[in-house]
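Count along the sequence shown starting at 1, add 1188, and that's the number in my numbering. Each residue gets a CB set at the ideal place from its N, CA and C atoms; glycine is no exception. These notes are about the structure you will find just below.
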Amino acid sequence: VKAIADQPNINALFDDEAGIVHQHGGVHIGIAAQTPSGLVVPVVKHAEARDIWDCAAEVFRLAEAARSGTAA
């Protein structure tokens, strides 16, 4: 997340037709988790507003929810 703050174009897309770079406001990080049904990618939303410990807790929570089948 810090790298994105230092290099905001990492969290952006280029609109070919308009010729502009659109920078996204939020930072959302997908984490792959293996489940009995296959691979899923739960997403930590608004990681830019979280500290490292909160991100880690959310990754753990989302991975456990994915594995138990309770993820939305």
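For residue 1236, the closest C-alpha among the options 1213, 1201, 1197 is that of 1213.
If you ignore the 5 residues before and after residue 1189, its C-beta comes within less than 6 Å of the C-beta of 1215, 1235, 1236, all in its own chain and listed in chain order.
With respect to residue 1228, residue 1217 sits apart: the two C-beta atoms are not nearer than 8 Å.
Within the model, the alpha-carbon separation for residue 1251 versus residue 1207 is close to 38 Å. For residue 1208, the uninterrupted beta strand (DSSP E) run begins and ends at 1208–1211, by DSSP.
Per DSSP, residue 1203 lies in no alpha helix (DSSP H) segment; the continuous beta strand (DSSP E) that holds it begins and ends at 1200–1203.
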